[in-house]
Amino acid sequence: MKPTPIVLKVLNWISLVLLAIATYLTIYWAPQEVTMGNVQRVFYFHVATGWVGMIGFLLAVFSGIMYLRTSDMKWDIIGLAGIEIGLVFSLVNIVTGAIWARPIWNTWWTWDPRLVTAAIMELVYIAYIMLRQGIEEPERRARFGAIYAIVGFVSVPLSFLSIRIWRTIHPVVIGSGDAAAEGTFDMTAGMQTAFFFSLATFTVFGITLLWHRIRLGRLQDTIEKAKMEVMS
Amino acid sequence: MAETAETTNFMILGYSVIFGTIVVYVYSLMARLSRGKKDLAILQDLDEE
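One line per chain: the protein sequences are A and B, in this order. Heads up: the first sequence begins at 102 in the numbering used here, then just goes up one per residue. Heads up: the second sequence begins at 375 in the numbering used here, then just goes up one per residue.
#1: Would you check if the distance between the CB atom of residue 260(A) and the CB atom of residue 222(A) is smaller than 9 Å?
#2: Measuring CB atoms only, is the stretch 240-257 of chain A touching the stretch 151-163 of chain A, in the sense that at least three cross pairs come out at less than 8 Å?
#3: Quick one: using the 10 Å Cβ neighbour count with 16 as the cut-off for buried, is residue 141(A) buried or exposed?
#4: Does DSSP put residue 356(A) in a helix, in a strand, or in coil?
#5: If the cut is a Cβ gap below 7 Å, which residues of chain A does residue 405(B) touch?
#6: Return helix, strand or coil for residue 288(A), following the three-state DSSP convention.
#7: Taking C-alpha atoms, which residue in 116(A), 146(A) and 108(A) lies nearest to residue 128(A)?
#8: With a cut-off of 9 Å, does the C-beta of residue 174(A) fall near any C-beta of chain B?
#9: For residue 130(A), which option in 294(A), 173(A) and 227(A) has the closest C-alpha, if you only look at C-alpha atoms?
#10: At 4 residues or longer, what runs of the alpha helix (DSSP H) sit wholly inside the stretch 107-185 of chain A?
#11: Note down the Cα distance separating residue 180(A) from residue 212(A), rounded to an integer number of angstroms.
#12: Determine the extent of the alpha helix (DSSP H) in which residue 408(B) is found, giving its start and end residues.
#13: With respect to the alpha helix (DSSP H) encompassing residue 218(A), which residues constitute its N-terminal and C-terminal limits?
#14: Using a Cβ-Cβ cut-off of 6 Å (strictly less than) and excluding sequence neighbours within five positions of residue 134(A), which residues of its own chain qualify?
#15: With a threshold of 9 Å between beta-carbons, can residue 399(B) be considered close to chain A, or not?
#16: Check each residue of the stretch 316-331 of chain A: if its Cβ is closer than 9 Å to any Cβ of chain B, include it; give the result in chain order.
#17: Return yes when the Cβ of residue 123(A) is within less than 9 Å of the Cβ of residue 245(A), no when it is not.
#18: In chain order, what residues of the stretch 171-198 of chain A put their CB closer than 8 Å to some CB of chain B?
#19: Is residue 211(A) close to chain B? Criterion is C-beta to C-beta, closer than 9 Å.
#20: Determine whether the Cβ of residue 139(A) lies closer than 9 Å to any Cβ atom of chain B.
#21: For the alpha helix (DSSP H) that residue 252(A) lies in, which residues bound it at each end?
#22: Using only the alpha-carbon positions, how far apart do residue 248(A) and residue 265(A) sit?
#23: I believe residue 109(A) touches residue 312(A) by the beta-carbon criterion, under 8 Å. Please report the beta-carbon distance rounded to the nearest angstrom.
#24: Name the two residues that bound the continuous alpha helix (DSSP H) containing residue 256(A).
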């Protein structure tokens with residue numbers, strides 16, 4: 102395996118510094134929301150993790166299309182990396198949403214369109230990981246993964262648009278949401294700075310993790326090929 | 375004017391979940407990379423024999 106590229110090492114440190122600054126901005130610098138109090142600060146990373154999750158799933162669609170066109174295994178590795186990163190960040194998004202909901206909605210969970218579609222999205226991609234592991238032949242596994250990633254992506258825009266097209270209590274902070282939404286607030290200039298900085302931070306951090314995960318995928322691919330050679 | 379709710383404990387819980395998950399995932403990546411490198415070295419030794 103090739104040594105860690107310098108650019109990736111630099112990205113590691115940039116991510117760490119950006120995360121520290123974003124944490125400072127969201128906890129200390131951004132003003133406190135007058136009704137919800139400090140729990141509103143979770144919102145900045147809640148949205149940022151949801152964003153990175155969806156980008157990961159979108160990357161898997163692109164990789165799936167590229168694999169079906171080229172049959173190059175590198176696209177399978179990239180697609181799997183995108184889905185794994187997407188799963189981790191989407192999980193954080195769902196759990197932090199529940200933590201925010203407890204004091205604001207007085208419940209950890211409710212069968213609201215956004216919460217349900219987000220949970221379905223997470224389950225669709227957990228199933229992807231589980232089903233992949235049951236396929237031994239690499240080419241068949243990659244073809245299955247590509248098609249599944251493309252079809253499964255239907256759940257992503259469904260989750261994203263759910264708060265914009267259905268009656269829901271989930272707030273829409275950017276754009277206009279349902280009048281029945283509970284926990285809506287207007288972002289001040291300070292809140293907007295913390296929000297967009299968090300989005301940028303998690304995008305850089307997501308790219309860094311994705312790169313590491315792709316390197317791991319390449320290593321696993323090399324191991325699989327080496328095993329075949331030893332056995333033959 | 376509405377009173378600001380005291381929700382600091384939930385904020386702490388939220389940030390703990392965020393950073394806890396990140397730490398666990400980064401550790402998992404590092405552990406898998408390290409294990410993979412060892413496996414590859416063993417397989418290369420076997421192949422040479």
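Glycine is no exception: its CB is placed at the ideal position from the N, C-alpha and C atoms.
Result, derived from the coordinates:
#1: Against a cut-off of 9 Å, the Cβ pair of residue 222(A) and residue 260(A) comes out as a contact.
#2: At 8 Å Cβ cutoff, the stretches touch.
#3: By the 10 Å Cβ count, residue 141(A) comes out buried.
#4: Coverage of chain A is limited to positions 102 through 333, which leaves residue 356(A) absent and any answer about it impossible.
#5: Those within 7 Å of residue 405(B) in chain A number zero; the least Cβ separation is about 10 Å.
#6: Of the three classes helix, strand and coil, the one that applies to residue 288(A) here is coil, per DSSP.
#7: With distances taken between Cα atoms, residue 128(A) lies closest to 146(A).
#8: No, no contact with chain B.
#9: Shortest Cα-Cα distance from residue 130(A) to any of 294(A), 173(A) and 227(A) involves 294(A).
#10: DSSP runs (the alpha helix (DSSP H)) wholly in the stretch 107-185 of chain A: 107-125 and 143-171.
#11: Cα-Cα distance, rounded: 31 Å.
#12: Run containing residue 408(B): 382-422, per the alpha helix (DSSP H) assignment.
#13: First-last of the alpha helix (DSSP H) with residue 218(A): 214-234.
#14: Cβ neighbours of residue 134(A) within its own chain (closer than 6 Å, five residues either side excluded): 141 and 286.
#15: Look at residue 399(B): its C-beta is under 9 Å from a C-beta on chain A.
#16: Taking 9 Å as the cut-off between beta carbons, the residues of the stretch 316-331 of chain A near chain B are 316, 317, 320, 321, 323, 324, 327, 328, 330 and 331, in sequence order.
#17: Cβ distance not < 9 Å, so residue 245(A) and residue 123(A) don't count as in contact.
#18: Those residues of the stretch 171-198 of chain A that come within reach of chain B (Cβ to Cβ, closer than 8 Å) are 189, 192, 193, 196 and 197.
#19: Among the CB atoms of chain B, none fall inside 9 Å of the CB of residue 211(A).
#20: Yes, residue 139(A) counts as interfacial toward chain B.
#21: First-last of the alpha helix (DSSP H) with residue 252(A): 239-253.
#22: Those two C-alpha atoms are separated by around 28 Å.
#23: At roughly 5 Å, the Cβ-Cβ gap stays under 8 Å, so residue 109(A) and residue 312(A) are in contact.
#24: It spans 256-266 - the alpha helix (DSSP H) in which residue 256(A) sits, taken as one unbroken run.
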